[in-house]
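J.: Dropping a structure here in structure tokens format, bear with me for questions.
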Amino acid sequence: MLECLFYVFDPEVTVKKKHLLQILEKGFKDSETNKLPLRKDAVILANSLSMCECPRIEFLQQKYKDEKKNSLENEFFRHGILLITKVFLGQSVQAHDQDSISQANYPMVNSVFIPRKYLLNSIMGQRDCDCSSRQCKWFVFDHDLVLPEYIIEFEYITAVKAHSLFSSFNNVILEESKKNSEGSMLSQDLKFDDEVIKMDPRIKPRPKLISLDDKTILSLTKTSIYSHIVSLNLHGNSLSKLRDLSKLTGLRKLNISFNEFTCLDDVYHLYNLEYLDASHNHVITLEGFRGLMKLKHLDLSWNQLKKSGDEINTLYKHTTSLLTLDIRHNPWQKPATLRLSVIGRLKALTHLDGVLITEEEATAAVKFTTGTKITQLSLLRHSSSKEERPRILSVWPSAKILTQISKLGPHSHLSGNWFLKITALNLDGQHLFEITNLEKLENLKWASFSNNNLTKMEGLESCVNLEELTLDGNCISKIEGKGLSNLVILDMNGNIIVWNQENYRLFVIFHLPELKALDGISIEPPETECAKDLFGGRLTSDMIAERQGHSDFTQMQELNWTSSSIRTVDLVPVDQFRNVSNVNLQNNNLTSFSGLIYLPNVKVLCLNYNHIESIMPQLKPQTHLTNRQLLYQKVPSSGYGQQGTSKINRDTMSSENLPPIMHSLEVLHLGYNGICNLIQLQLNRLRNLKFLFLQGNEISQVEGLDNLEVLQELVVDHNRIRAFNDSAFAKPSSLLALHLEENRLRELSKLQPLVKLEKLFLGHNKIQDMAELEKLDGISSLRELTVYGNPICRKMLHRHMLIFRLPNLQMLDGILVNSDDRAKAEFHFSELQVKKNSFIPVTNSPVDGGSFGQVKAPPIKITNIILPGGFSHYLESDFTLTPEVEEFLASTFQDQIECNCLKGNVYTPSNLFLFRSCEKTSRQCQ
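Heads up: the sequence shown is residues 483 to 1408, going by this note's numbering.
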């Protein structure tokens, strides 16, 4: 980016007009640059007028002081010269020592800078204004990067205010102005100057974009062809969403700095993007930031990113080619270990926050990252098998006390069930980003994870006997509490949730009903009752009216009520909400759609981060209902008291027989709800659904979607899908895009009915067999496919095979498929076909006494064949082979096997394949 800066003249050198004109014509040469020691090879610039003038004024003061003159003549200060330059600063770093600035000391950068506060100067030291923190002096080593543009001759007016812009040398000027009565005559000039300064600029500021569409994009780029757009600058607008960028398949550089973005999930389809500047926004999460495998430069500075563990993990998965990253000026938690964490995970990174990553730093980061994982060795070092807590008066957690008294130790004798003996675990200060590998610690009672980098309370689901848990000093912002039914003591001090979550204490008490002490304070019965009343939570018309200030809901089009612990929705009268088309209840405690099913015209429904189990409310067994819930059950309000069949009957009842609901709903977001069973969800009742998002759940089977005949896009990324059953896609559908990334897929059967599918995303699964990719042959409409992150990608043939078998494929793993790619694939497989055709079965085999046809068997993978005794051993006595022929057969037989495996047509005749030419040669040898 170009900057306009002032050139800093040497006050000891007299500047002549001829000299200035030479600089304008020829630029800066060695003779024109500053002649200070060790800085003669740099052009010195500044972004502050006072920083340019103060050296001159200080020099004049010293000069008159040395000449022992009593007063300064005003004329020497009155006139000055400024030279404005346009400069490309390039790679710029802060100088370590202002006395050693030279190209030799900074070989890898284009320029260095020194902030004003580090410049020692008698006059400059007097300044203390709001802008002083942004004032710097730059030293540019390459003179060609500095272009002189304007010369300004100026004159100081001595009748100035006491706190003007030039207050750094006001004391000098004011003393002289008192002696010079001419200052009072300049008041009219000052008035005129004020009028000029207050004039409106002739060039009006351009209007800011608040939305993006096709017309706007084409207008900005001055082209009519989307594929020709390689760079797009949206800097300095009011955009919060990026729409219609999916057509920009050739986009390589995108600048969206100084906008209103809170997330970056709209850039996931820009597979060729190499440069992204998203600085100076309001980005709070990188969730949804995926598939940018070619991204090399990313600027996320000046945003609102906090969760270092989550964001680093996202970049690690989806930006594998990243070279430079800037994440400065974000409110990161645990910033002390942030740099090592980033360098340790992003191995390709060369620069972080504008600073070169050294080899020593990279080595230290890898060592640091290795120590942030829970291993068997760390469990043994920090655990105890004591059955009872000692009666000691201490503020330490029980886990810490027990592990101090008795540790298993790394050299403990390990039996087959050693992990069942662990009762106490103390992993304080281990820089952990997540809790893992505790699935077998079923008898764990006391655990402490203080002062780590944890962002979620996850990984403890199997520790069903946990009674005391210490998590103070972490970065946890949300409590799940799954599986912690026996938790009695919990310490969460120093976590984000403590000060960010409204009514945090009551929230935790409500979600962990067996808790007796929280953050060192015992829980009293009144608190428990208050928590139930507060977080039993219903969203009512009264609550909406209170927020809006009126109760006329007929003009309402959007309902946005996130992070409010809503458990049920009861909006009456429903007719008042007839114009509501968009509903966002993200991050609440809903277990069903509740009263939302009665809203007549809802088109978009966002219920991410809830606990949705079914569309319709599920009635709990009577034994688990409190008196208050029993009372609500008798009242016919949404969420409670809706009569229905028992759970067993509901599960056995086919959702196809249930009447359809929410006829206007087209877009449904159910991400991160912990959904396991799609049939129980009853999505088949939403007959007009076009877009369904189910990412981040625990789905293992795609089922219960048969009736969604107009569904166009299905997103089930980040689930637990291993394979598809017969009913997954049994009926032909209108599905155009299917997202299956970050699952556990090993096979791709049952996808053939998706005859209209155009986009299929299979990245980060466990596909390792070429035969599975061959099953995509039946989807001839496929235009875009991703398989990166699968074991199959280690084989070089997978790309050629997919291009060869899918004639309409236009993009593979974010890379466009061009004519050269298709020609190479066809050439490669035509060679294999020639080899295959030259290999024929022997007829009239002496073993079976007759001819046989080629029998097609299921695809197999052959890596090695051993024939004891050689080929001759398997032939009859009158059929022998010479050693040369047998060696030829052995080498060629392996090529035929590889060819058949690749095409998925492995033949299994009764005995043996031979070359016709070899057969003839062998009989001649007899």
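Beta carbons: idealized from backbone N, C-alpha and C, even for Gly.
Buried or exposed: which applies to Asp1199, given that a residue is buried once 16 or more other Cβ atoms fall within 10 Å of its Cβ?
T.: Counted from its first residue, the sequence shown places residue 1199 at position 717. Flag for Asp1199 reads buried.
J.: Starting from Lys1213, trace the alpha helix (DSSP H) in both directions and tell me its first and last residue.
T.: Looking up residue 1213 in the sequence shown gives position 731. First-last for Lys1213: undefined, no H or E at that position.
J.: In whole angstroms, what is the alpha-carbon distance linking Leu1258 and Asn1170?
T.: Working through the sequence shown from its first residue, we reach residue 1258 at position 776. Working through the sequence shown from its first residue, we reach residue 1170 at position 688. The alpha-carbon atoms of Leu1258 and Asn1170 are separated by roughly 28 Å.
J.: Starting from the C-beta of Tyr750, find all residues in its chain whose C-beta is less than 6 Å away, skip the five residues before and the five after it, and write them out in chain order.
T.: The sequence position of residue 750 within the sequence shown is 268, counting from 1. Excluding positions up to five away in sequence, the list reads Arg772, Gly773.
J.: Alpha carbon to alpha carbon, what distance is there between Leu951 and Leu862?
T.: As a first step, residue 862 must be located in the sequence shown, where it is residue number 380. As a first step, residue 951 must be located in the sequence shown, where it is residue number 469. Distance between the alpha carbons of Leu862 and Leu951 is about 19 Å.
J.: Please report the straight-line C-alpha distance between Gly572 and Ala847, rounded to a whole angstrom.
T.: Translated into positions along the sequence shown, residue 572 becomes position 90. Translated into positions along the sequence shown, residue 847 becomes position 365. Each residue's alpha carbon lies about 27 Å from the other.
J.: For the candidate residues Gln576, Leu820, Gln504, Asp492, whose alpha-carbon lies nearest to that of Arg538?
T.: The residue you call residue 538 lines up with position 56 of the sequence shown. That would be Asp492, whose Cα lies nearest to the Cα of Arg538.
J.: Under 7 Å, do Ile1048 and Phe1075 count as touching if we go by C-beta distance?
T.: As a working note, residue 1048 is residue 566 in the sequence shown. As a working note, residue 1075 is residue 593 in the sequence shown. Not in contact: Ile1048 and Phe1075 (Cβ atoms no closer than 7 Å).
J.: Grab the span of the alpha helix (DSSP H) containing Ser790 for me, first residue to last.
T.: Position 308 of the sequence shown, counting from 1, holds the residue named residue 790. First-last of the alpha helix (DSSP H) with Ser790: 790 to 800.
J.: Could you check where the beta strand (DSSP E) with Ser713 kicks off and where it finishes?
T.: For the purposes of this step, residue 713 is taken as residue 231 along the sequence shown, with counting starting at 1. Per DSSP, Ser713 belongs to the beta strand (DSSP E) from 713 to 715.
J.: Please name the residue, chosen from Leu1196, Arg1228, His717, that lies closest to Glu1240 on a Cα-to-Cα basis.
T.: Position 758 of the sequence shown, counted from the start, is the residue given in the question as residue 1240. Comparing Cα-Cα distances from Glu1240 to each of Leu1196, Arg1228, His717, the minimum goes to Leu1196.
J.: Which stretch, first to last residue, makes up the alpha helix (DSSP H) that contains Thr1022?
T.: In the sequence shown, counting from the first residue as 1, residue 1022 sits at position 540. Taken as a continuous stretch (DSSP letters only), Thr1022 belongs to no alpha helix (DSSP H), being part of the beta strand (DSSP E) at 1020 to 1022.
J.: If you compare alpha carbons, which of Gly976, Thr905, Leu988 is closest to Glu1006?
T.: Taking the first residue of the sequence shown as position 1, residue 1006 is located at position 524. Nearest of Gly976, Thr905, Leu988 to Glu1006, Cα basis: Leu988.
J.: Per DSSP, what kind of secondary structure is Asn982 in: helix, strand or coil?
T.: The count along the sequence shown starts at 1 and reaches residue 982 at position 500. Helix.
J.: Between which two residues does the alpha helix (DSSP H) harbouring Gln576 extend?
T.: What you label residue 576 is simply residue 94 of the sequence shown in a count that begins at 1. Careful: Gln576 lies outside any alpha helix (DSSP H), inside the beta strand (DSSP E) at 574 to 576.
J.: Can you name the start and end residues of the beta strand (DSSP E) that Cys1088 belongs to?
T.: In the sequence shown, the residue the question calls residue 1088 occupies position 606. Cys1088 -> beta strand (DSSP E) spans 1086 to 1088.
J.: Quick one: measure Cβ to Cβ for Ser739 and His762, integer angstroms, because I've assumed they're closer than 8 Å.
T.: Within the sequence shown, the letter at position 257 stands for residue 739. Within the sequence shown, the letter at position 280 stands for residue 762. Indeed they touch by this definition, with Cβ atoms about 5 Å apart.
J.: In the DSSP assignment, what residue or residues form a beta bridge with Gly562?
T.: For the purposes of this step, residue 562 is taken as residue 80 along the sequence shown, with counting starting at 1. Beta-bridge pairing links Gly562 to Phe636.
J.: Measure the beta-carbon distance from Asn1071 to Gly1019 and round it to whole angstroms, keeping in mind my assumption that it falls under 8 Å.
T.: Stepping through the sequence shown from its first residue, residue 1071 is reached at position 589. Stepping through the sequence shown from its first residue, residue 1019 is reached at position 537. The pair is a contact, with the Cβ atoms about 7 Å apart (cut-off 8 Å).
J.: How would you call Ser713, buried or exposed, if buried means at least 16 neighbouring beta carbons within 10 angstroms?
T.: Taking the first residue of the sequence shown as 1, we reach residue 713 at position 231. Result: exposed.
J.: List the whole-angstrom C-beta distance separating Ile471 from Ile1181, where the pair is believed to meet the contact cut-off of C-beta under 8 Å.
T.: Absent from the structure is residue 471, since the part of the chain shown begins at 483 and ends at 1408.
J.: Over the uninterrupted beta strand (DSSP E) stretch that includes Ile596, give me the two end residues.
T.: For the purposes of this step, residue 596 is taken as residue 114 along the sequence shown, with counting starting at 1. Looking at the DSSP string, the run of the beta strand (DSSP E) that includes Ile596 is 593 to 597.
J.: Would you mind sorting Val1269 into buried or exposed? The rule is 16 or more other CB atoms within 10 Å of its CB.
T.: What you label residue 1269 is simply residue 787 of the sequence shown in a count that begins at 1. So Val1269 ends up on the buried side.
J.: Is it buried or exposed for Asn1225, if we count other Cβ within 10 angstroms and need 16 for buried?
T.: Your numbering for residue 1225 matches position 743 in the sequence shown. Per the 10 Å Cβ criterion, buried.
J.: Using 8 Å as the cut-off, can you tell me whether the region 789 to 806 makes contact with the region 832 to 845, which would need three or more C-beta pairs spanning the two stretches below that distance?
T.: Because the criterion of three Cβ pairs below 8 Å is met, the region 789 to 806 and the region 832 to 845 touch.
J.: Start and end of the alpha helix (DSSP H) containing Ala1253?
T.: Sequence index remark: in the sequence shown, residue 1253 carries index 771 (1-based). Ala1253 -> alpha helix (DSSP H) spans 1252 to 1256.
J.: In the structure shown, what three-state DSSP assignment does Lys568 receive?
T.: In the sequence shown, the residue the question calls residue 568 occupies position 86. Three-state DSSP puts Lys568 in a strand.
J.: Can you tell which of Val837, Lys799, Asp626, Leu627 has its C-alpha closest to the C-alpha of Val575?
T.: In the sequence shown, the residue the question calls residue 575 occupies position 93. Minimum Cα distance to Val575 is reached at Val837.
J.: Tell me whether Lys500 sits in a helix, a strand or coil according to DSSP, three-state version.
T.: By 1-based counting over the sequence shown, the position of residue 500 is 18. In this structure, Lys500 counts as helix in the three-state DSSP scheme.
J.: For His993, does the three-state DSSP call read helix, strand or coil?
T.: Here residue 993 corresponds to residue number 511 of the sequence shown, with the count starting at 1. Here His993 sits in helix by DSSP.
J.: Would you mind listing the beta strand (DSSP E) stretches within the region 1030 to 1097 that are 3+ residues and don't spill past its ends, in chain order?
T.: Here the runs fully enclosed are 1040 to 1042, 1050 to 1052, 1064 to 1066, 1086 to 1088.
J.: For Leu1279, which of Gln1250, Arg1265, Asn1290 has the nearest alpha-carbon?
T.: Here residue 1279 corresponds to residue number 797 of the sequence shown, with the count starting at 1. For the residues Gln1250, Arg1265, Asn1290, the minimum Cα distance to Leu1279 belongs to Gln1250.
J.: Which class does Tyr757 belong to by DSSP, given the choice of helix, strand or coil?
T.: Locating residue 757 in the sequence shown gives position 275, counting from the first residue. It is a strand residue.
J.: Classify Trp620 as buried or exposed, calling it buried when 16 or more other Cβ atoms lie within 10 Å of its own Cβ.
T.: Residue 620 sits at position 138 when you count from the first residue of the sequence shown. Buried is the call here.
J.: Is the separation between the beta-carbon of Ile904 and that of Leu923 shorter than 7 Å?
T.: As a first step, residue 904 is located in the sequence shown; it is residue number 422 there, counting from the start. As a first step, residue 923 is located in the sequence shown; it is residue number 441 there, counting from the start. Yes, they are a contact pair.
J.: In this structure, does DSSP put Asn1166 in helix, strand or coil?
T.: Along the sequence shown, read from residue 1 onward, the residue named residue 1166 stands at position 684. It is helical.
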